[in-house]
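Notes for the one structure printed next.
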Amino acid sequence: MKKGIFQTSLRTSLIMLGFVVLTTLMLALTYSRTHDLITRSEEQEKLSLINEVLPPGISDNDLLRDAIEIAPSELLGNSTPVTAYRARFRGKPVAVVLEATAPDGYAGKIVLLIAILADGEISGVRVISENETPGLGDYIDIAKSSWIKGFDHASLSSLPDDAWHVKKDGGKFDYMTGATITPRAVVKAVHKALEFFASNRAELFAQRSKK
């Protein structure tokens, strides 16, 4: 009788083990397929945003693969490493896309994507994330205003340092009455990103890709 009970328990344990193994395999397979789909979707979204700030047809390389990691920098406002994407045409560097953070937005950090051509001129800026007050900070969003395009073609050589402020502070950039903190933060962050590029241009293009 004890032998029968033992055999029954063993059979039950083996069946349960089989279910556990099968379930684990199914979960692993599902994760693998889902993870790949999510990764591809995220890459396409990232590439789409990068293409918004770069001139059409400017590069012939794989932007997502020609990427490097940038350590925390005061000029970029990043407290953790961020990724920079290099654009090349026939092997020649033509632009870099940087992520910069304005830490002093009205409601917190404003994260920006900034494309800078090899000669130091901005080709485009977009807001990746922000928590500004609806109605007051809306105009930094390209979907709601063209304000962010005011940085197009700007560079350190085309604008003196004292022009990198909103007009209320004696600078070049427009602002909305009653909402100067948000544009001040963005203008300051873009200016610093240009300074970072100017100081690190050679290294940005020479560093080996992380992928």
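Mapping of the sequence shown onto my numbering: residues 1331 to 1541, in sequence order. The C-beta atom is built at its ideal place from N, Cα and C for all residues, glycine as well. Since we're looking at a predicted model, the values are computed, not measured.
| Item | Value |
| --- | --- |
| Find out if the Cβ-Cβ distance for the pair Gly1486, Ala1532 is shorter than 8 Å. | Correcting the residue identity first, residue 1486 is Leu in this sequence and not Gly. For Leu1486 and Ala1532, no; Cβs fall outside 8 Å. |
| Would you kindly check if the distance between the Cβ of Ile1444 and the Cβ of Ala1432 is under 8 Å? | no |
| Quick check for students: name the residue ranges of the beta strand (DSSP E) that lie wholly in the stretch 1401-1460, counting only runs of 3 or more. | 1412-1419, 1422-1435, 1438-1447, 1452-1459 |
| DSSP three-state label for Phe1535, please. | helix |
| Output the distance between the C-alpha atoms of Leu1406 and Asp1504, rounded to the nearest integer angstrom. | 22 Å |
| Any heavy atom of the ligand NAP inside 7 Å of the beta-carbon of Leu1379? | Although the ligand NAP was asked about, the structure shown includes no ligands whatsoever. |
| Based on Cα-Cα distance, which residue from Ile1478, Asp1390, Thr1413 lies nearest to Arg1420? | Asp1390 |
| What's the gap between the Cα of Glu1399 and the Cα of Thr1507? | 38 Å |
| If I measure Cβ to Cβ from Leu1524 and keep anything under 6 Å in the same chain, skipping five residues before and after, which residues do I get? | Leu1486 |
| Identify every residue that forms a DSSP beta bridge with Asp1503. | Before going on, a small fix: residue 1503 reads as Phe here, not Asp. Val1496, per the DSSP bridge assignment. |
| Find out if the Cβ-Cβ distance for the pair Ala1519, Ala1430 is shorter than 8 Å. | yes |
| Under 8 Å between the Cβ atoms of Tyr1415 and Asp1434? | no |
| Is DSSP giving Ala1397 helix, strand or coil here? | strand |
| Closest to Gly1454 by CA distance: which of Met1356, Gly1438, Asp1471, Ile1511 is it? | Asp1471 |
| Output yes or no for whether 8 Å exceeds the beta carbon distance between Leu1543 and Ala1417. | Look at the range of the chain in this structure, 1331 to 1541, and you will see that residue 1543 is not part of it. |
| Within the same chain, show all residues whose beta-carbon is closer than 7 Å to that of Ser1459, passing over the 5 residues directly before and after it, in chain order. | Val1441 |
| How would you label Ala1401, buried or exposed, when you count the other beta carbons within 10 angstroms and need 16 or more for buried? | exposed |
| Is Ala1509 helix, strand or coil when you go by DSSP? | strand |
| Three-state secondary structure (DSSP) at Ser1378? | helix |
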